[in-house]
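Novice: So the protein sequences, as listed, match chains A, U and H. By the count of the working numbering, the first sequence reaches residue 276 at its end, each step adding exactly one. By the count of the working numbering, the second sequence reaches residue 191 at its end, each step adding exactly one. By the count of the working numbering, the third sequence reaches residue 1456 at its end, each step adding exactly one. Even for Gly, the Cβ is constructed at its ideal location relative to N, Cα and C. None of these values were measured; they are calculated from a predicted model. One structure, pasted below without further comment.
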Amino acid sequence: MKHPMLKYLRETGLCGDRFPTIFCPGCGIGQVLNYTLIAVDHIIHKDGISRDRFVFASGVGCSARLTSHYLNFDAIWSLHGRAPAVVTGALLAQPELKAIVFTGDGDAAAIGGNHFIHVCRRNLDMTLICMNNGLYGMTGGQSAPTTPRGTSSTTSPYGNVENAFDLCELAITAGASYVARWTTAHPKQCIQAIEKGIRKKGLAFIEIMTQCPIHWKEDPAKMMKKFLSQAMRLVKGKGKKPPKRDQFWVGEFIDRDQPEWLETYQKIIDRFR
Amino acid sequence: MRIPSVVSGPTSMKRYEIRIAGFGGQGVVTVGKILGFAAVLYDKKNAVQTQSYGPESRGGACKAEVVISDGEIHYPKVRSADVLVVLSQTAQDVYLKDLKPGGLLIIDPLTVVNDPLRLDIRVVKVPTAEIALKVGNKKFQNMVALGALCQLTGIVSQNALEKSIAEAVPLKTISRNIEAFQKGIEYVRK
Amino acid sequence: MSVNDHTAFEPLLTEEESRKVIHGPLPPGDYYLFGSDACVEGAVFAGCRYYAGYPITPASEIMEKAAERLPQVGGRFIQMEDEISSACSLIGASWAGAKAMTATSGPGFSLMMEAISFALMSETPFVIVNVQRPGPGQGYITSSQEDVMQARWGHHGGGSLIALAPASVQEMFDFTIEAFNYAEQWRVPVILLADELVAHMREKLTVRPKEGVKIVNRARPQDLGIPFEKFLPYEGMVPPMPAWGDGYRVNVVGLVHHPDGNITKYTPEMHLACVNRIYRKIEDHLDEIAKVEGFFLKGCRHLVVAYGTTTRSAFEAVNELRVKGRSDVGFLRLKTVWPFPENKIRSMVGPLENIFFPEMNLGYMIHPLKEALRDRVKNFIPIPCLGQLHAPEQIIEKVEEVIGKGI
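Printed below as a string of structure tokens:
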């Protein structure tokens, strides 16, 4: 029996062997890909949107490898942190495209930080899916802007002296229209959030806490179980931190209707017709 | 595919070189712009206009240069000016030496208080700031200077310049700019 | 209270402004334009419908003109957060099917090298205008030709690209069209090496009727009757380029790859073949791509060489020298600076005593010239001038110092 999402992946031989994939055993990125493709599949069938309107973009890192050659869609595996900028150009050239950016925490918040906050500020119609594993996976486990304070990593062997970003807070403050956080242990919620984000007119930012069992040196199933206990549903009022130190809020943090960049600029173009 | 070239002709045609200098904010570059525009689009000549500034936005040195020719213009800047218009003392101090022997120097005596220390040139004093104030604002002094230049050199026709002024300045200020320009012409005619 | 007013957005346009709107490229005729404006008009004429940029002296005027003109012709303009994202967005715009451009100066050009490198490997066409100013560092804000080597070698890794050097407002228009044509034909980023002088100069521009101007658009597989199943592996030197949304499901990557796009089966042979093709794509077509013009070459014993705005001083100097009696001085001009047309120059230039090369830098392009002509020219004399255009006198003096005055 074939996995229903395989139709969206390239066959072996055309662009590269699909198996073995580059991902480590137990890596959460494969799950995020699955959730994303299911969401996209829903939209293709429920909304009648052509598959050829989708374009996937990524920067560099483990999460970015999703667009390296696996996808049977238009895609680009671009530059570290720059995918939102690349997609900005694509959308302005062809506003009908449905753009999904796969990014990681280092890609989005370190080198890509500037581009991340500006696409949120501009409220451009794209969906950013950030696989947050709390470090730089591809390059060996260095600390990232999301690595918790005090944690040990290859570049913080004596403990991380820095504070971590809350990427969702960053996206909200910068101006995103739809912001949500879930984990790989929340498949239904992830799929729903991604679907909602793609449908949302404006910038959708979905952060998915993703296990990196190799660099955290932990069993992947244990990590996912831990996610379930760390993830506190945000029921009312942000501002209050979750009760325990290593806990984090999950849920839909914001879903607002605001003018989107392309639709606003269109008024200028229409003025000149 | 043939890329058209800037250097396809001989340099034998006469070049007429104009330099206008003063402070930033005196409208020096606008004069250069209008001269070039008029020469090219109305008088059907070739013209190149360049400018340079000191670092300050207002009050620093500013100069515009226009080279006009019936033929092709290669070197786009002034080598030895036929006309020098100076609206500030510093401008005269710095650029007087580049005016060719027999060249024309137009100065505003309000700001250029020292006499030019050359005997081999023609000097015409035009109180551009004073005349501009009569039109309503000192900022029209550049148009007065332009009028004087037009009348004294004839390098670009009055008609061409008036049409160009109308295209270059904001709608509401066209009539006063042209008035200042014409006053400049009248002043040197006397 | 919020800084964002979310009430309906109304485009700001005065009566006066709306009368000046041109809904397409400039109609044929004579104009008197700012160099920067001519560059944008050339881009619009060539079909450019995407511009992204970041403010920098002396290139900001190009961006401002693009902001004004692009929506008038149905295109889109965006001011990005830095030069890095400006250049990266050109990649996306190009793959979404648009002709795309940005303009910057030295410090921003350095930031764009990453995107240029990616474009070389992924064969993404776009145009970058570098309105050169002196460096290094912030340098100064006047004219320069100091980035001429950087244009070719500033990006990491191999490959080859095309760079043009305009010397007049007319050429800011024409060469921009040519830059887009090269980009589309060869699927390569093209650099327009302008400088502060030509960008801030006003001069006559003659726009010819569109029918008389060659505009090149990239070859797409659908135009060549190549269906999705047969699109890969690609054949030939310049693969056809579909756009996202055309149904070809093209995966764009910056890694070395097989002609079928496979990036996983690395072999040294694949690596060499991939990078070699991207390099040879340009270097094997020097005759078609390179544009060099010579004057007074027959019987000349000394040569003055120039590119970009120094052409104007150098040609003035050569003409004056000839009028003074030195009929043995010729002139050579590089319109395309890269790829360097070694063979073409060798076919035009015989044995010489001296080559004089005025550059607005400390002598950069004199090196490939030396490499090309060392066996038949005795002396190569650079004539540097930093921060401004050489006065013809500077060039004349140097030539006369070396070869004497008159015959």
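1) Examine chain U for any beta-carbon lying closer than 9 Å to the beta-carbon of Asn1368/H, and answer yes or no.
2) Does the beta carbon of Val58/A sit closer than 9 Å to a beta carbon anywhere in chain H?
3) With distances taken from CA atoms, which of Asn1392/H, Arg1371/H and Thr1358/H is nearest Lys1384/H?
4) Whether or not the stretch 1200-1208 of chain H and the stretch 1440-1447 of chain H are in contact is what I'm after, with contact meaning three or more pairs of Cβ atoms, one per stretch, closer than 8 Å; do they touch?
5) Buried or exposed: which applies to Met1250/H, given that a residue is buried once 16 or more other Cβ atoms fall within 10 Å of its Cβ?
6) Apart from the five residues just before and just after His1307/H, which ones in its own chain have a Cβ nearer than 6 Å to its Cβ?
7) With DSSP run on the structure shown, which of helix, strand or coil describes Ser156/A?
8) Name the two residues that bound the continuous alpha helix (DSSP H) containing Gly1/U.
9) Can Gly88/A and Met1129/H be called in contact, C-beta distance under 9 Å?
10) Count the C-beta pairs between the stretch 87-98 of chain U and the stretch 22-34 of chain U that are closer than 8 Å, then say yes if the count reaches three, no if not.
11) Determine whether the Cβ of Ala177/A lies closer than 9 Å to any Cβ atom of chain H.
12) Determine the direct distance from the alpha carbon of Gly109/A to that of Val1180/H, and round the result to whole angstroms.
13) Using a 10 Å radius around the Cβ and a threshold of 16 neighbouring Cβ atoms, would you call Tyr161/A buried or exposed?
14) For Gly1184/H, which residues from the same chain have a beta carbon less than 8 Å from its beta carbon, with the 5 sequence-adjacent residues on both sides left out?
15) Any contact between the stretch 101-119 of chain U and the stretch 69-78 of chain U? By contact I mean 3 or more CB pairs, one from each, below 8 Å.
16) Compare the C-beta of Met2/U with all C-beta atoms of chain H and state if any pair is closer than 9 Å.
17) Between Leu17/A and chain H, is any beta-carbon pair separated by less than 9 Å?
18) Hey, how far is the Cα of Asp1272/H from the Cα of Ile1430/H?
19) Suppose only complete runs of 4+ residues qualify. What are the alpha helix (DSSP H) ranges in the stretch 75-156 of chain A, listed by chain order?
20) Answer yes or no: does any C-beta atom of chain A fall closer than 9 Å to that of Ala1142/H?
21) Drop a sphere of 10 angstroms on the beta-carbon of Ala224/A, count the other beta-carbons inside from all chains shown, and report buried for 16 or more, exposed for fewer.
22) Under the rule that 16 or more other beta-carbon atoms within 10 Å means buried, what is Tyr1315/H, buried or exposed?
23) To the nearest angstrom, how far is the alpha carbon of Met1150/H from that of Ile1452/H?
24) Counting only beta-carbon atoms, is Pro1074/H nearer than 9 Å to chain U?
25) Check whether chain H comes within 9 Å of Ala224/A, counting only Cβ atoms and requiring the distance to be less than that.
26) What whole-angstrom Cβ distance do Asn135/A and Thr150/A have, given they're in contact under 8 Å?
27) Is the stretch 1325-1341 of chain H close to the stretch 1383-1403 of chain H, with three or more CB pairs under 8 Å?
28) Output the distance between the C-alpha atoms of Glu131/U and Leu1061/H, rounded to the nearest integer angstrom.
29) Whole angstroms is fine: what's the gap from Phe256/A's alpha carbon to Glu266/A's?
30) Answer with yes or no whether the minimum CB distance from Tyr76/U to chain H is below 9 Å.
31) Return the bridge partner residues of Tyr43/U from the DSSP annotation.
32) Please identify the residue among Ile1140/H, Ile1177/H, Leu1119/H and Lys1253/H whose C-alpha is closest to the C-alpha of Ile74/U.
33) Here's the rule I'm using: 16 or more other beta-carbon atoms within 10 Å means buried, otherwise exposed. How should Lys34/U be labelled?
34) Below 9 Å between beta carbons: does that hold for Asn160/U and Gln27/U?
35) Please check if any C-beta of chain H sits within less than 9 Å of the C-beta of His218/A.
36) Would Asp1424/H be called buried (16 or more neighbouring beta carbons within 10 Å of its own) or exposed?
Specialist: Let me lay it out:
1) Here the question's residue 1368/H lines up with position 319 in the third sequence. Yes, Asn1368/H counts as interfacial toward chain U.
2) Translated into the one-based positions of the first sequence, residue 58/A becomes position 55. With 9 Å as the cut-off, Val58/A counts as an interface residue toward chain H.
3) Within the third sequence, numbered from 1, the residue matching residue 1384/H stands at position 335. For Lys1384/H, the nearest C-alpha among the options comes from Thr1358/H.
4) no
5) What you label residue 1250/H is simply residue 201 of the third sequence in a count that begins at 1. Burial call: buried.
6) Reading the third sequence from its first residue, position 258 is the one you call residue 1307/H. So the list reads Met1319, once near-sequence residues are dropped.
7) Taking the first residue of the first sequence as 1, we reach residue 156/A at position 153. It is a strand residue.
8) The shown model of chain U, from 2 to 191, leaves out residue 1/U, and the question about it has no answer.
9) The count along the first sequence starts at 1 and reaches residue 88/A at position 85. The count along the third sequence starts at 1 and reaches residue 1129/H at position 80. Before going on, a small fix: residue 88/A reads as Ala here, not Gly. Contact: yes.
10) yes
11) Taking the first sequence and counting its residues from 1, one reaches residue 177/A at position 174. With 9 Å as the cut-off, Ala177/A does not count as an interface residue toward chain H.
12) On the third sequence, residue 1180/H is found 131 positions in, with the first residue counted as 1. On the first sequence, residue 109/A is found 106 positions in, with the first residue counted as 1. C-alpha separation (whole angstroms): 34 Å.
13) Your numbering for residue 161/A matches position 158 in the first sequence. Exposed is the call here.
14) In the third sequence, the residue the question calls residue 1184/H occupies position 135. Contacts found: Gly1155, Pro1156, Ser1193, Glu1195 and Asp1196.
15) no
16) For the purposes of this step, residue 2/U is taken as the residue at position 1 of the second sequence. Low confidence applies here, because Met2/U scores a pLDDT of 33, under 50, leaving its location unreliable; read the following figure in that light. So yes, Met2/U belongs to the interface.
17) The residue labelled residue 17/A in the question sits at position 14 within the first sequence. Bear in mind that the predicted position of Leu17/A carries a pLDDT of just 46, short of 50, making it too unreliable to give a figure here.
18) In the third sequence, the residue the question calls residue 1272/H occupies position 223. In the third sequence, the residue the question calls residue 1430/H occupies position 381. Using only the alpha carbons, I get a separation of about 51 Å.
19) 86-96 and 116-125
20) Within the third sequence, the letter at position 93 stands for residue 1142/H. With 9 Å as the cut-off, Ala1142/H counts as an interface residue toward chain A.
21) For the purposes of this step, residue 224/A is taken as the residue at position 221 of the first sequence. It is exposed - the Cβ of Ala224/A has fewer than 16 other Cβ atoms within 10 Å.
22) In the third sequence, the residue the question calls residue 1315/H occupies position 266. Exposed, since its Cβ has fewer than 16 Cβ neighbours within 10 Å.
23) Residue 1150/H sits at position 101 when you count from the first residue of the third sequence. Residue 1452/H sits at position 403 when you count from the first residue of the third sequence. So the alpha carbons of these two residues sit roughly 45 Å apart.
24) Locating residue 1074/H in the third sequence gives position 25, where the first residue counts as 1. No, Pro1074/H lies away from the interface with chain U (no Cβ there is under 9 Å from its Cβ).
25) Mapped onto the first sequence, residue 224/A falls at position 221. No, no contact with chain H.
26) To locate residue 135/A, count along the first sequence from 1; it is residue 132. To locate residue 150/A, count along the first sequence from 1; it is residue 147. Actually they do not touch by this definition, with Cβ atoms about 10 Å apart.
27) yes
28) Taking the second sequence and counting its residues from 1, the one referred to as residue 131/U is at position 130. Taking the third sequence and counting its residues from 1, the one referred to as residue 1061/H is at position 12. Whole-angstrom Cα-Cα distance: 38 Å.
29) Reading the first sequence from its first residue, position 253 is the one you call residue 256/A. Reading the first sequence from its first residue, position 263 is the one you call residue 266/A. Answer to the nearest angstrom: the Cα atoms are 24 Å apart.
30) Stepping through the second sequence from its first residue, residue 76/U is reached at position 75. So yes, Tyr76/U belongs to the interface.
31) Mapped onto the second sequence, residue 43/U falls at position 42. The partner list for Tyr43/U (beta bridge, DSSP) is empty, contrary to what the question assumes.
32) The residue given as residue 74/U occupies position 73 in the second sequence. Ranking the options by Cα distance to Ile74/U, first place goes to Lys1253/H.
33) As a working mapping, residue 34/U is identified with position 33 in the second sequence. With 16 or more other Cβ atoms within 10 Å, it is buried.
34) In the second sequence, residue 160/U corresponds to position 159, counting from 1. In the second sequence, residue 27/U corresponds to position 26, counting from 1. No.
35) Taking the first residue of the first sequence as position 1, residue 218/A is located at position 215. Output row for His218/A: interface = no.
36) Within the third sequence, numbered from 1, the residue matching residue 1424/H stands at position 375. Counting Cβ neighbours within 10 Å, Asp1424/H comes out exposed, since fewer than 16 surround it.
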